[in-house]
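According to this note's numbering, numbering within the sequence shown proceeds without interruption in unit steps and concludes at 437.
No residue lacks a Cβ here, since even glycine has one placed at the ideal position from N, Cα and C.
Here's the structure we're looking at; comments come further down.
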Amino acid sequence: MITDKLKEHFRSKIEPYNKKVKDFVAQYGDQKMGEYTIAQVYQGMRGITGLIYETSKLDPEEGIRFRGYSIPEIQEKLPKYPGGKQPLPEGLFYLLLMDELPDDDAVRRMSNNWVRRAQVPPHVFKVIDSLPQHAHPMTQFIAGITALRTESEFQKAYRQGISKKDYWDPVYEDAMNLIARLPRVAAYIYRRTYRNGDHIEPDPRLDYSANFAHMLGFDNPEFYELMRLYLTIHADHEGGNVSAHAIRLVGSALSDPYLAFAAGMAGLAGPLHGLANQEVIRWVLDMKKELGGGLPSKEEIAEYVKKTLTEGKVVPGFGHAVLRKTDPRYMAQREFALEHMPHDPMFLLISRIYEVVPEILEATGKVKNPWPNVDAHSGQLLMYYGLVEYDFYTVLFGVSRALGTMASLIWDRALGFPIERPGSTTTDILMQKYAK
Ligand code: CMX
2 MITDKLKEHF
12 RSKIEPYNKK
22 VKDFVAQYGD
32 QKMGEYTIAQ
42 VYQGMRGITG
52 LIYETSKLDP
62 EEGIRFRGYS
72 IPEIQEKLPK
82 YPGGKQPLPE
92 GLFYLLLMDE
102 LPDDDAVRRM
112 SNNWVRRAQV
122 PPHVFKVIDS
132 LPQHAHPMTQ
142 FIAGITALRT
152 ESEFQKAYRQ
162 GISKKDYWDP
172 VYEDAMNLIA
182 RLPRVAAYIY
192 RRTYRNGDHI
202 EPDPRLDYSA
212 NFAHMLGFDN
222 PEFYELMRLY
232 LTIHADHEGG
242 NVSAHAIRLV
252 GSALSDPYLA
262 FAAGMAGLAG
272 PLHGLANQEV
282 IRWVLDMKKE
292 LGGGLPSKEE
302 IAEYVKKTLT
312 EGKVVPGFGH
322 AVLRKTDPRY
332 MAQREFALEH
342 MPHDPMFLLI
352 SRIYEVVPEI
362 LEATGKVKNP
372 WPNVDAHSGQ
382 LLMYYGLVEY
392 DFYTVLFGVS
402 RALGTMASLI
412 WDRALGFPIE
422 RPGSTTTDIL
432 MQKYAK
């Protein structure tokens, strides 16, 4: 195990945080938090708060807050690469884990720490190579993550009989190692699938995002900046979304962070969740093809959207289970596009879709949030710089999602959260009780 100053700093936070939680529960634990309806139970527990997730909180109107900071605030307050404008995801992870804003030194320490941990064992590449090249990148990613599990410190420590109060320590090790290794695994999948296996070695002098972009094969300072923004804004979205919740749930059984993260990635690969980023581009390209190329008019887009709905499909990139406004993550990406590629034809099309879709979804009378989410924009930015293989986009989302969910998982164990086990019931039981 690597002993590091970051871990010692984190260790110093555990006791006071634990005391805060224990005192609060001791004093207020019997207070009621609210009531919910039968309909909410049938609607995927929508609006029922049933989890403590310390690192971020989603407000329906304002969007995500990371440890209290909104996206514009973290863009302003987190350290940046010299000369850059976008926050460094190393800094976001520090904020989520330590519950304090990092300075430049802390971010440099985080970057260096991950470089020291980044070595991926060769068998992981062999496992990925054993899959057919046409296997979806998320299939390859999940296989790679599961293969990384041979390195689990938590698994080893548990077998040796570690005490409950120390669980967080090997979970921290696994989480940090996983975060450090994911870009290499992801880049390996990209290069084997789309670049004839022409792999690129990491460059330890680069920051986390730039090194990832470099291994993918995109050595453009503007793309580095995009990757810093991308990895920061996709990192965390409170605890109830499918990927974060799956990671937390599986982790609560004391499955190690690799298993928990693989479970979360299986959820992220669903088209109603993270896979929506690839679906958006697929849908937009299909639209362009059907409408003869070029920039379709608003009327043509409206017809296409209505046709999508008539066919019983969702309009990808729009709607959200919690948000009720345009996603600030969408706006942050739009601002990036306005600064770097305002005349890009794909950006003009994405902007026009934004003008057309909400009114149509609203008119259905059932869509609760007609506004775009994060996935409506990300593909356009990637395509602009040449990362056009959209089946790969959810892997990028996954690398980012590790930052928030791993910070949270470390806290789950540091706070001694129990195994998650909500109750369930049946329709017949409910009918006997309520349908009188
Ligand atoms: N297109 C068409 N119909 C939509 C829709 C959309 N974009 N968004 C919601 N609806 C429909 C739902 O399918 C549901 O229809 P039924 O009553 O016929 O089942 C109805 O409107 C009510 O749904 P809701 O309460 O507004 O939304 P949910 O909380 O159930 O679902 C979400 C949220 C994101 C799954 C949904 O909006 C959706 O499918 N969006 C498109 C896929 C997408 O972009 N997902 C990415 C979300 C962000 C992320 O996790 O990465």
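Q | Backbone CA spacing between Gln44 and Thr38 [nearest angstrom] | A | 10 Å
Q) Under the three-state reduction of DSSP, which class applies to Arg192: helix, strand or coil? A) helix
Q: Check whether the Cβ of Gly64 sits closer than 6 Å to any heavy atom of ligand 3, and report yes or no.
A: In the structure shown, ligand 3 is absent; the only ligands present are ligand 1.
Q: Return yes when at least one heavy atom of ligand 1 lies under 6 Å from the C-beta of Pro373, else no.
A: no
Q: Using a threshold of 7 Å, state whether the C-beta atoms of Leu404 and Phe337 are closer than that.
A: no
Q | Beta-carbon proximity list for Ile411, same chain, < 7 Å, skipping 5 on both sides | A | Leu98, Trp169, Val172, Tyr173, Ala176
Q | Closest Cα partner of Val285 within the set Ile143, Ile72, His378 | A | His378
Q: For Arg353, collect the residues of the same chain with a Cβ closer than 8 Å to its Cβ; drop the 5 residues on either side in sequence, then sort them by chain order.
A: Leu296, Pro297, Lys299, Ile302
(Q) Please give the ranges of any alpha helix (DSSP H) in the region 35–61, keeping only runs that are unbroken, at least 4 residues long and fully inside the region. (A) 39–43
Q. How far does the beta strand (DSSP E) with Gly64 in it reach, from first residue to last?
A. 64–67
Q: Write down the C-beta distance between Ala181 and Ala261 rounded to the nearest angstrom, noting that I regard them as a contact closer than 8 Å.
A: At roughly 17 Å, the Cβ-Cβ gap does not stay under 8 Å, so Ala181 and Ala261 are not in contact.
Q. Using 8 Å as the Cβ pair cut-off and three pairs as the minimum, do the region 64–73 and the region 315–330 touch?
A. yes
Q. Going by alpha carbons, who is nearest to Thr50 out of Gly35, Met216, Val357?
A. Gly35
Q. Name the DSSP bridge partner or partners of Ser71?
A. Arg66
(Q) Need the endpoints of the alpha helix (DSSP H) that Asn114 sits in, please. (A) 105–118
Q: With a threshold of 6 Å, establish whether the CB of Lys367 neighbours any heavy atom of ligand 1.
A: yes
Q: Quick one: residues in its chain with C-beta nearer than 8 Å to the C-beta of Val400, no 5 flanking neighbours on either side, listed in chain order?
A: Leu183, Pro184, Ala187, Phe213, Leu232
Q | Gly1 burial status per 10 Å Cβ neighbour count (16 or more: buried) | A | Residue 1 is absent from the structure shown; the chain starts at 2 and stops at 437.
Q. Could you give the uninterrupted runs of the alpha helix (DSSP H) lying entirely in the region 229–298, keeping only those of 4 residues or more?
A. 243–253, 258–269, 277–291
Q. Is Phe319 helix, strand or coil when you go by DSSP?
A. strand
Q) Buried or exposed: which applies to Ile1, given that a residue is buried once 16 or more other Cβ atoms fall within 10 Å of its Cβ? A) With the chain running from 2 to 437 in the structure shown, residue 1 is simply not present.
(Q) If you measure between the beta carbons of Thr194 and Gln279, is that distance less than 7 Å? (A) no
Q: Would you mind reading off the limits of the alpha helix (DSSP H) that contains Gln433?
A: 428–435
Q) Is Pro371 helix, strand or coil when you go by DSSP? A) coil
**Q.** Where Lys81 sits in the DSSP three-state scheme
**A.** strand
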